[in-house]
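Note sheet for the following structure.
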Amino acid sequence: MIRKLFSFKGGVHPPQNKHISTQQPIQAATLAKELVLPLHQHIGESAVPIVAVGDQVLKGQKIARAEGYVCASVHASSSGTVVAIEERPIPHPSGFSAICIVIKTDGEDRWIEPTPEALPYTEMPVSHLRNLIRTSGIVGLGGAGFPSYIKLNPAGVNIDTLILNGVECEPYISCDDMLMRERPEQIIAGAKIMRHALQAKQVLIAIEDNKPEAYATLVKACANEDFEVIQVPTLYPQGGEKQLIKVLTNKEVPSNGLPVQIGIVVHNVATAAAIHNAINLGKTLVSRIVTITGDGVAKPCNLDVPFGTPMRHLLDQCGGLRNDVDRIVMGGPMMGFAMHSIDIPVVKTSNCILAATKANVTPPSDIMPCIRCGACADVCPVALLPQQLQWFARAKEFDRAQEYNLFDCIECGCCSYVCPSNIPLVHFYRYAKTEIWAQEREKEKADQARQRHEFRQSRIEREAVEKAARLAKKKAAAQGDNAKKKAIQAAMARAKTKKFDPGNAPKNTDNLSESQQQQVNKADEMRAKAEQIAASRRAQAQAAMTEKTVKTNSDRPAAKKDEKK
Ligand code: SF4
Ligand code: SF4
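Counting the sequence shown from 1 gives a position; the numbering used here is that position plus 46.
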């Protein structure tokens with residue numbers, strides 16, 4: 047069955063120039079003496095180093111850990127010694143520097159011992175499978191660098207279609223083309239893993255019709271698979287997710303939305319191969335195929351490059367730069383950006399190094415005023431108003447730019463490509479986006495600082511109230527103690543001064559009734575009689591005692607008296 051294809055709005059047909067770099071098979075890049083591995087080679091947060099200067103590392107060993115949800119681990123791309131963890135220039139349009147782990151290679155290129163999984167991926171919990179992909183450091187290798195495990199988590203959405211993107215629509219770049227020609231089995235094995243993770247009903251592999259060898263190879267390789275390999279007409283920027291989905295399915299991804307919302311997931315073919323290497327072979331992501339091309343380099347080709355290799359090293363391997371080179375671009379002429387130096391390292395998103403002559407790119411000096419021709423709007427694949435966006439960006443009216451859907455712009459460069467005034471429109475959009483993100487970060491920081499301040503203030507106030515309450519309680523207790531002490535002292539003083547006065551002693555015979563009084567009187571009489579009887583008895587006993595004593599003394603013997611003497 048021939049699949050019906052659809053079209054997206056806009057698009058351009060720039061010269062392809064892919065043949066320049068496809069004349070030779072993929073070659074391994076020679077090992078550089080020093081590899082510079084940025085902690086941030088992907089969309090999201092930077093990884094966190096887990097090695098120190100002086101550590102020996104093996105190829106494939108994790109050297110920086112992914113922390114946070116949108117992050118990817120970084121692994122040593124060859125064996126050697128960590129000689130620095132410091133800021134170095136990284137591939138970025140603004141020529142930024144960022145923290146990198148620098149490895150002095152030992153030339154042995156020794157892999158770390160793989161730790162095979164006990165179960166095949168089909169029997170693993172899918173969450174474990176995704177985590178393996180995460181810890182292997184795999185990100186989208188089409189150029190965006192979004193951590194792949196996230197795109198393999200549909201979060202409860204039923205996935206109908208997994209699309210493998212082999213379109214590679216950007217001129218000059220041929221790394222995916224060569225991968226599809228030479229390593230189709232890796233792509234198919236990776237696609238099976240992805241399909242399993244997503245439980246996708248169908249798998250489509252899309253390839254532009256300017257890559258007939260790759261198409262034929264994949265059709266053959268998929269003979270026993272239920273994957274559909276589809277040739278799509280060449281049109282830039284068909285490799286954009288939303289554009290490719292439209293072409294293959296006629297479905298539109300909502301503005302500010304993601305393909306997963308309509309049950310579709312798109313991954314690059316090179317990402318599929320990387321997932322196969324990680325899951326089936328236990329190899330973390332340490333290298334990628336990079337197209338070295340352009341009229342400014344002597345021997346263009348595709349190299350399998352360990353991450354961190356300086357671009358200069360690769361250009362040297364390709365015969366060096368020609369004298370008429372104008373600039374070195376990372377990426378293609380449409381979406382790439384010029385490097386400030388060729389000592390910048392290759393990272394996970396480096397699909398191409400374009401050594402461009404003036405003839406390869408539009409010279410930046412020819413910029414003229416906008417003539418409001420509207421050509422930019424005609425070719426915009428997401429139906430934006432590029433000219434308006436440019437004005438808002440220049441005037442720093444970022445709110446207005448966002449109202450005009452600045453963030454839907456995929457930075458494809460079609461508008462700049464057709465602009466008769468050679469206005470670098472995409473640069474303005476990138477500038478506006480960067481400024482908006484910076485402002486949001488500042489606002490976030492300010493909000494966090496304000497929250498911290500408010501929390502501190504409330505803590506100080508709460509502690510002050512608690513302290514005051516404690517002091518008041520203590521004071522009350524002290525006052526209570528003093529009052530008690532004083533009462534005791536007064537009681538003791540009174541006791542000292544007072545003597546017992548039986549007459550004043552409290553009686554229980556006051557206020558008696560008449561009958562009670564009679565009983566008391568009777569009892570008193572009886573007690574008086576009893577006392578008289580007792581007194582009389584005591585007197586009798588005393589008299590008897592006296593008489594007996596007298597008699598005893600007169601009866602005592604004389605000898606006893608002498609002895610006593
Ligand atoms: S293509 Fe260039 S000149 Fe024409 S409207 Fe757009 S920005 Fe202006
Ligand atoms: S760069 Fe942005 S505004 Fe220009 S054509 Fe592409 S999507 Fe449209």
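Idealized CB from N, CA, C, for every residue including glycine. Given the structure is predicted, the values throughout are model-derived calculations rather than measurements.
Measure the CB-CB distance between residue i and residue j and report whether it falls below 8 Å.
i: Asn63; j: Gly186; result: no
i: Ala344; j: Cys364; result: yes
i: Pro283; j: Cys221; result: no
i: Ile413; j: Ser462; result: no
i: Gly188; j: Thr330; result: no
i: Val128; j: Val172; result: no
i: Phe444; j: Glu481; result: yes
i: Leu250; j: Ile205; result: no
i: Asn397; j: Pro379; result: no
i: Glu259; j: Arg227; result: yes
i: Arg134; j: Val82; result: yes
i: Leu452; j: Leu431; result: no
i: Val306; j: Glu287; result: no
i: Gln289; j: Pro427; result: yes
i: Pro84; j: Pro346; result: no
When we look at the beta-carbon of residue i and count the other beta-carbons within 10 Å, is it buried (16 or more) or exposed?
i: His88; result: buried
i: Gln564; result: exposed
i: Cys419; result: exposed
i: His65; result: exposed
i: Ala429; result: exposed
i: Lys611; result: Only weak support is given to the placement of Lys611: the predicted model assigns it a pLDDT of 35, under 50, and the question is left unresolved by the model.
i: Tyr115; result: exposed
i: Met376; result: buried
i: Lys292; result: buried
i: Gln248; result: exposed
i: His121; result: buried
i: Asn348; result: buried
i: Ala605; result: The pLDDT assigned to Ala605 is 41, lower than 50, so where the model puts this residue is not dependable, and the model offers no usable value.
i: Lys442; result: exposed
i: Ile417; result: exposed
i: Pro160; result: exposed
i: Ser125; result: buried
i: Ala511; result: The amino acid occupying residue 511 in the given sequence is Val; Ala does not appear at that position. Its Cβ having fewer than 16 others within 10 Å, Val511 is exposed.
i: Asp601; result: Model confidence at Asp601 stands at a pLDDT of 47, short of 50, so the residue's coordinates are unreliable and nothing is read from them.
i: Met538; result: exposed
i: Lys197; result: buried
i: Asp608; result: Because the pLDDT at Asp608 is just 43, under 50, the model does not fix this residue reliably, and the value given afterwards should be weighed accordingly. The residue in question, Asp608, is exposed, as its Cβ has fewer than 16 Cβ neighbours within 10 Å.
Say the cut is 7 Å; is the CB of residue i nearer than that to a heavy atom of ligand 2?
i: Val425; result: yes
i: Glu490; result: no
i: Arg299; result: Here residue 299 is Val; the residue named in the question, Arg, does not match the sequence. Val299: no, Cβ never under 7 Å from ligand 2.
i: Pro432; result: yes
i: Ile469; result: no
i: Leu290; result: no
i: Tyr477; result: no
i: Glu287; result: no
i: Leu81; result: no
i: Glu163; result: no
i: Leu435; result: yes
i: Val213; result: no
i: Ile253; result: no
i: Glu216; result: no
i: Glu457; result: yes
i: Val306; result: no
i: Val94; result: no
i: Val351; result: no
i: Val185; result: no
If I'm right that residue i touches residue j with Cβ under 8 Å, what's the distance once you round it to whole angstroms?
i: Ile338; j: Asp350; result: The pair is not a contact, with the Cβ atoms about 12 Å apart (cut-off 8 Å).
i: Val213; j: Val278; result: 7 Å
i: Ser123; j: Phe353; result: 5 Å
i: Pro95; j: Ala118; result: No, Pro95 and Ala118 are not in contact; Cβ-Cβ is about 14 Å, not under 8 Å.
i: Asp341; j: Thr403; result: 4 Å
i: Tyr218; j: Leu400; result: 6 Å
i: Arg176; j: Ala112; result: Arg176 to Ala112, Cβ: 12 Å. No contact.
i: Ile209; j: Leu294; result: 6 Å
i: His322; j: Ile239; result: 7 Å
i: Phe142; j: Ile136; result: 6 Å
Is residue i near ligand 1, with its Cβ less than 7 Å from a heavy atom?
i: Cys460; result: no
i: Ile413; result: no
i: Gln62; result: no
i: Arg418; result: yes
i: Val464; result: yes
i: Cys422; result: yes
Is there a Cβ from chain D that is less than 8 Å from the Cβ of residue i?
i: His138; result: Absent here is chain D; the protein component of the structure consists of one chain.
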